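A quick write-up on the structure given underneath.
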Amino acid sequence: MRIRNKNFDIKQIAESGQCFRMDPISENKHSLIAFDRYIELEQVEEDLIDISCSKTDYEFIWKDYFDLDFDYGSIVGKLNSDSDEFLKAASSFGRGIRILRQDPFETLISFIISQNKNIPSIKVCIERICETYGNRMKDNKSGRDYYTFPTPIVLAEAKKEDLRALKLGYRDEYIIGAARAVAVGDIDLNALKICSHDEAVKALKSIKGIGDKVANCISLFGLHHIEAFPIDVWMKRVLSEYYQDKFDPEKYSGYAGIVQQYMFYYIRHIHGVSN
DNA sequence: TGCCAGGAAGCCG
DNA sequence: CGGCTTCATGGC
């Protein structure tokens, strides 16, 4: 399936820190595991992408996953006509980034793992969880084996000693607790998609192991509340070095999360980080 | 070897 | 409320 879009850069999305199961497999080509499926994406040209999926799967799954009905170009354009020089450069540099509509449960667990870890380390942990608790699948087109992300019920029944062997550190009991909360219905992730960002964050923070930053990441990347504004160590760097801690996300009310992604991606580039 | 990573909980004042 | 310490693990 071939898609033409001016604001759709696979490498940028893969390196934007919002998803952890998108990996380079060759020059201009990435693999992605999501929703129990495996696809490959090739950046043919700057605004042209090939996805290894049927037209039906594109229409019903991937178009939504990549948020392709939303016009990111209008956001980039708006930021480029603004007086904020840092955001002008950041949005221009990361203009191919999009906010994915990922599976809420996978996002929830992934960002609990993310705390106090770098991105390569987060990926390793997630793969270990999938290999241990997910289902082994085979993609016929590429011949590749892969593992799905486990369901809430399976993870909720995991033993702490078994998780300990996966080297998740102190996060293992957070993961079991969160999976149980979802499995028994204490947390209804689909309901949190419909309610407001503030309500979602409040509900998420009732889970042990989820603080303000992780809750905002889940809200932004798993529930698609694009007004969320997660502040991690990189964002703290941006806000202090370029804004003297006076940046107000309210200026970008309604889409601050997109602005945040441009900032995050750009500051890491400035500091020479590429994973 | 000490420091850092898409932090959060527990405790103290 | 704000600041400090501790919590596993891996990479540099």
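Numbering (my numbering), first residue to last: 95 to 369.
All C-beta atoms in this analysis are idealised placements derived from N, C-alpha and C, irrespective of residue type, glycine included.
These numbers were taken from a predicted model, which means no experiment stands behind them.
Tell me whether the beta-carbon of residue i lies closer than 8 Å to the beta-carbon of residue j.
{"i": "E136", "j": "N122", "result": "yes"}
{"i": "L194", "j": "Y159", "result": "yes"}
{"i": "I119", "j": "S125", "result": "yes"}
{"i": "L333", "j": "I312", "result": "no"}
{"i": "D197", "j": "A275", "result": "no"}
{"i": "E287", "j": "H318", "result": "The question names Glu, yet the displayed sequence has Lys at residue 287. Yes."}
{"i": "K307", "j": "P324", "result": "yes"}
{"i": "I169", "j": "I352", "result": "yes"}
{"i": "A277", "j": "I247", "result": "yes"}
{"i": "R115", "j": "I220", "result": "yes"}
{"i": "L202", "j": "L262", "result": "no"}
Got a sec? Which residues, its chain only, sit under 6 Å from residue i by beta carbon, not counting five neighbours each side?
{"i": "K100", "result": "D141, G167"}
{"i": "Y356", "result": "A184, S185, G188"}
{"i": "F205", "result": "V308, C311, I312"}
{"i": "I281", "result": "A275"}
{"i": "D130", "result": "T242"}
{"i": "A108", "result": "M116, H124"}
So residue i and residue j are supposed to be a Cβ contact under 8 Å. How far apart are they, rounded?
{"i": "I213", "j": "I207", "result": "With 8 Å as the limit, I213 and I207 do not qualify as a contact, their Cβ atoms being about 11 Å apart."}
{"i": "S236", "j": "E134", "result": "6 Å"}
{"i": "A183", "j": "Y360", "result": "7 Å"}
{"i": "A273", "j": "A250", "result": "4 Å"}
{"i": "D326", "j": "I191", "result": "Not confirmed; about 16 Å, so no contact."}
For residue i, which residues of its own chain have a beta-carbon under 7 Å away from its beta-carbon, when the five flanking residues on both sides are left out?
{"i": "G228", "result": "Y241, T242, F243, P244"}
{"i": "K302", "result": "Y268, G271"}
{"i": "F164", "result": "none"}
Should residue i go down as buried or exposed, given a rule of 16 or more other Cβ atoms within 10 Å for buried?
{"i": "F154", "result": "exposed"}
{"i": "E321", "result": "buried"}
{"i": "G316", "result": "buried"}
{"i": "R265", "result": "buried"}
{"i": "T150", "result": "exposed"}
{"i": "A259", "result": "exposed"}
{"i": "E200", "result": "buried"}
{"i": "Q338", "result": "exposed"}
{"i": "R98", "result": "exposed"}
{"i": "H365", "result": "exposed"}
{"i": "R96", "result": "exposed"}
{"i": "R230", "result": "exposed"}
Excluding the 5 residues preceding and the 5 following residue i in the sequence, name in chain order all residues of the same chain whose CB lies nearer than 8 Å to its CB.
{"i": "D256", "result": "T226"}
{"i": "R238", "result": "S125, Y132, K232"}
{"i": "F358", "result": "S110, G111, D326, W328, M329, V332"}
{"i": "K157", "result": "D163"}
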